[in-house]
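Participant:
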Amino acid sequence: MKVDFLDLSKQHQPIAEKLNAAIADVIHRSAFIKSEEVALFEERFAAYLGADHVVACANGTDAIEIALRAFNIGPGDEVLVPAVSWISTSEVVATAGAKPIFVDIESTTFCIDASKIEEKITARTKAIIPVHLYGHPADMQAILKIAGKNKLKVIEDCAQAHGAEINGKKVGTFGDAATFSFFPTKNLGAFGDAGAMVFHYLKMKIKASAIANHGQTERHNHTLHGRNSRMDGLQAAVLLVKLKYLDKWIQERRIIANWYYEELNPVKDIVLPSEKEWAAHAYHLYVIRSPKRDDLMNHLKENGISTLIHYPKALPFQPCYATENYQTDDFPVAAKVQEQILSLPFFPGLSRKEVQYVCDQIKNFHH
Ligand SMILES: *Cc1c(COP(=O)(O)O)cnc(C)c1O
Numbered sequence: 333m334k335v336d337f338l339d340l341s342k343q344h345q346p347i348a349e350k351l352n353a354a355i356a357d358v359i360h361r362s363a364f365i366k367s368e369e370v371a372l373f374e375e376r377f378a379a380y381l382g383a384d385h386v387v388a389c390a391n392g393t394d395a396i397e398i399a400l401r402a403f404n405i406g407p408g409d410e411v412l413v414p415a416v417s418w419i420s421t422s423e424v425v426a427t428a429g430a431k432p433i434f435v436d437i438e439s440t441t442f443c444i445d446a447s448k449i450e451e452k453i454t455a456r457t458k459a460i461i462p463v464h465l466y467g468h469p470a471d472m473q474a475i476l477k478i479a480g481k482n483k484l485k486v487i488e489d490c491a492q493a494h495g496a497e498i499n500g501k502k503v504g505t506f507g508d509a510a511t512f513s514f515f516p517t518k519n520l521g522a523f524g525d526a527g528a529m530v531f532h533y534l535k536m537k538i539k540a541s542a543i544a545n546h547g548q549t550e551r552h553n554h555t556l557h558g559r560n561s562r563m564d565g566l567q568a569a570v571l572l573v574k575l576k577y578l579d580k581w582i583q584e585r586r587i588i589a590n591w592y593y594e595e596l597n598p599v600k601d602i603v604l605p606s607e608k609e610w611a612a613h614a615y616h617l618y619v620i621r622s623p624k625r626d627d628l629m630n631h632l633k634e635n636g637i638s639t640l641i642h643y644p645k646a647l648p649f650q651p652c653y654a655t656e657n658y659q660t661d662d663f664p665v666a667a668k669v670q671e672q673i674l675s676l677p678f679f680p681g682l683s684r685k686e687v688q689y690v691c692d693q694i695k696n697f698h699h
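Adding 332 to a residue's 1-based position in the sequence shown gives its number in the numbering used here.
Structure (C-alpha cells):
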C-alpha cells in the first residue's frame, strides 16, 4: 500500500465546483489586486477568530515582519523566539534589523518553554514571538504574564495553528498581534502564497495595511517606506470558499489524530503528541518521537509510506547563525528532539485503512 504524506486533492475535489466558480468570477471582473474579496476575507477571518482586525498580506513570513515593523521593532532590539520553528520566525527578526534570541522548547508541546524566557530578557528585548507549533497552542497565559511584567510585545505566529484554541478561545486573539500563513499545505491554505496579520487596534491595522501597500494610507500618499505585500484577489476568493470548511476539516484532523492515538498508544518506544487540558490542538502535523527515528523513517519508506521531519535541524544550529557558535547544551530539548521527531501522513481525507496500515508498519518496526 502507498500512503502519501499529504494529498490536497482530497480536500479540493469535493468543493471543486465552488472553487472554480469563485476563481472564474475574479477573472471575469479582472479583480486581481485590492479586490473586494480581500476586504471580505479580512472581515470573515476576523469573525472566525473572534479578533478585532485582520490585515491580509502576501505570505506568512511578511506578516510577521510587517507586524514587527508596525510596532517599530528594528535595529538594536532583541526578539525572543523558540529554538524550534520554521525559519521564518527567526528570519524576519533579522530582516527587520533586530536580533533573534532563541529560547528552548518544551518536550511535550514542542512550543517555547515559558519557564526559560525570563533568563533571556535584557534591556534590549522588545518582543516575544511564540509559535503554536504543529497546531498545539503555546502557553499564552504564562507568556503574557512575563510580557506584561517586562513590557514586551507578543506576536503569536499562528502559521500552523488556524483553529487551535486555549480555553475555548482561538489562538491569534491573545497577543498584541498575531500572524497567519495560508501557504497551500497549512490548515487553511490558498492556491499559492498568502498571509494575514491580526491586531486589536484600528490604528495598527491602518499602519500594517500601509506597510503592506507601499506605505500608502490613501492612493499616492506615501506616509512611510512600505513594500508590496498584498494578498491577491484570486487567493482571497479561494480562501473565502475554504474558510467555510475549516472547522469541519479541523474536526476531521482531530478524529484522525485519535485513530493514531488509539493504535499507537500501546507502542512503548514512541512518544505521541499530547494536548494540554487547556488546549485544543489543531493538528496541523502529527509528530511522534522515536529514539530510532531514521531507521523507522526508512522502514516506512520501504513500505510505501511518506513521512517528513519538521525540522531536521533546530534554528540555533542553522548555518546562518554559525557565528553565534550555539552549542547543543544551550538548547538541550531542541537538540534532542531534532534527532527524534517524525511527522506521519496526516490530512483531511486520510482513510482509517491508511492510518491502520501506517500504524501496523510502525508496530512491525518496534517489535
Ligand atoms: C509556514 C510558516 C511560516 C511562513 O509562512 P509563509 O506563508 O510560507 O511565508 C511562518 N511560521 C511558521 C511557524 C510556519 O510554519
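Virtual Cβ for every residue (Gly too), placed ideally from N, Cα, C.
Small disclaimer: the values here were computed from a predicted structure and weren't measured.
Please report the Cβ distance between A666 and V416, rounded to the nearest whole angstrom; I am assuming they are in contact, meaning their Cβ atoms lie under 8 Å.
Facilitator: Right, the Cβ-Cβ distance comes to about 5 Å (below 8 Å), so this counts as a contact.
Participant: Based on the DSSP secondary-structure assignment, which residues constitute the bridge partners of P702?
Facilitator: Since the first residue shown for the chain is 333 and the last is 699, residue 702 is missing from the structure and cannot be characterised.
Participant: In angstroms, rounded to a whole number, what distance separates the CA positions of E609 and K501?
Facilitator: Approximately 14 Å, taken between the alpha carbons.
Participant: Classify M529 as helix, strand or coil using the three-state DSSP reduction.
Facilitator: If DSSP states are grouped into helix, strand and coil, M529 belongs with the strands.
Participant: Beta-carbon within less than 6 Å of F523's beta-carbon, same chain only, minus the 5 sequence neighbours each way: which residues are those?
Facilitator: For F523, where only same-chain residues beyond five positions count, the Cβ hits under 6 Å are V570.
Participant: Check the C-beta distance from C389 over to M529 and give it rounded, since I have them as a contact under 8 Å.
Facilitator: At roughly 6 Å, the Cβ-Cβ gap stays under 8 Å, so C389 and M529 are in contact.
Participant: Alpha carbon to alpha carbon, how far is E374 from H344? Give it in angstroms, no decimals.
Facilitator: The straight-line gap from Cα to Cα measures roughly 22 Å.
Participant: In whole angstroms, what separates the C-alpha of V335 from that of P677?
Facilitator: Near 7 Å, if we compare the C-alpha coordinates of P677 and V335.
Participant: Jot down the residue ranges of each uninterrupted alpha helix (DSSP H) in the region 460 to 529, minimum 4 residues, whole runs only, in chain order.
Facilitator: With a minimum length of 4 residues, the continuous alpha helix (DSSP H) runs that stay inside the region 460 to 529 are 472 to 482.
Participant: Could you say if the region 427 to 442 and the region 682 to 691 meet the contact criterion of at least three C-beta pairs nearer than 8 Å?
Facilitator: In short, these stretches do not touch, since the Cβ pair count stays below three.
Participant: I think H546 touches D508, with their Cβ atoms under 8 Å apart; what is that distance to the nearest whole Å?
Facilitator: Wrong, their Cβ atoms sit about 24 Å apart, outside the cutoff.
Participant: Run the CB neighbour count on K685, radius 10 Å, all protein chains shown included, and call it buried at 16 or more, exposed below.
Facilitator: Exposed, since its Cβ has fewer than 16 Cβ neighbours within 10 Å.
Participant: Label L400 either buried or exposed according to how many other C-beta atoms from any shown protein chain fall within 10 Å of its C-beta, with 16 as the threshold for buried.
Facilitator: The residue in question, L400, is buried, as its Cβ has 16 or more Cβ neighbours within 10 Å.
Participant: Does the Cβ of V463 lie closer than 6 Å to at least one heavy atom of ligand 1?
Facilitator: At least one heavy atom of ligand 1 is nearer than 6 Å to the Cβ of V463, so yes.
Participant: Could you tell me whether any non-hydrogen atom of ligand 1 is closer than 6 Å to the CB of F515?
Facilitator: Checking every heavy atom of ligand 1 against the Cβ of F515, one is found closer than 6 Å.
Participant: What residue from A493, K574, N696 has the CA that sits closest to A354's CA?
Facilitator: If we check each option's Cα against that of A354, K574 comes out closest.
Participant: Once you ignore the five residues that flank L351 on each side, which residues in its own chain have a CB closer than 7 Å to its CB?
Facilitator: Counting only Cβ-Cβ distances below 7 Å, and skipping sequence neighbours, we find H344, V570, V573.
Participant: Where does the unbroken alpha helix (DSSP H) through A544 begin, and where does it stop?
Facilitator: Segment 534 to 544, the alpha helix (DSSP H) holding A544.
Participant: The beta strand (DSSP E) spanning V386 covers which residue range?
Facilitator: Unbroken beta strand (DSSP E) run through V386: 385 to 389.
Participant: By a C-beta neighbour count over all protein chains shown, 10 Å radius and 16 as the cutoff for buried, is C652 buried or exposed?
Facilitator: With fewer than 16 other Cβ atoms within 10 Å, it is exposed.
Participant: Please classify T655 as buried or exposed, where buried requires at least 16 neighbouring CB atoms within 10 angstroms.
Facilitator: Exposed is the call here.
Participant: Who are the Cβ neighbours of W581 in its own chain at under 6 Å, not counting the five residues just before and after it?
Facilitator: P680.
Participant: Tell me, to the nearest whole angstrom, how far the beta carbon of G392 is from that of S513; I am working on the premise that it is less than 8 Å.
Facilitator: That pair is a contact at about 2 Å.
Participant: Mind listing, in chain order, the continuous alpha helix (DSSP H) runs of no fewer than 4 residues lying wholly within the region 642 to 690?
Facilitator: As far as the region 642 to 690 is concerned, its whole alpha helix (DSSP H) runs of at least 4 residues are 664 to 672.
Participant: For L682 and N657, I'd like the C-alpha separation in whole angstroms.
Facilitator: Their backbone Cα atoms lie some 42 Å apart in a straight line.
Participant: Is T427 near ligand 1, judged by its Cβ being under 6 Å from some heavy atom?
Facilitator: False, no ligand heavy atom lies under 6 Å from that Cβ.
Participant: Expressed to the nearest angstrom, what Euclidean distance is found between the alpha-carbon atoms of F442 and L340?
Facilitator: If you take the alpha carbons of F442 and L340, they lie about 25 Å apart.
Participant: Compute the distance between the beta-carbons of Q700 and H616, then report whether it is under 7 Å.
Facilitator: Within the shown structure, residues of the chain are numbered from 333 to 699, placing residue 700 beyond reach of any answer.
Participant: I need the straight-line Cα distance from V370 to A479, nearest angstrom please.
Facilitator: The straight-line gap from Cα to Cα measures roughly 32 Å.
Participant: Note down, in chain order, each residue of its chain lying with its Cβ closer than 8 Å to the Cβ of K448, except the 5 sequence neighbours on either side.
Facilitator: Answer for K448: V435, D436, listed in chain order.
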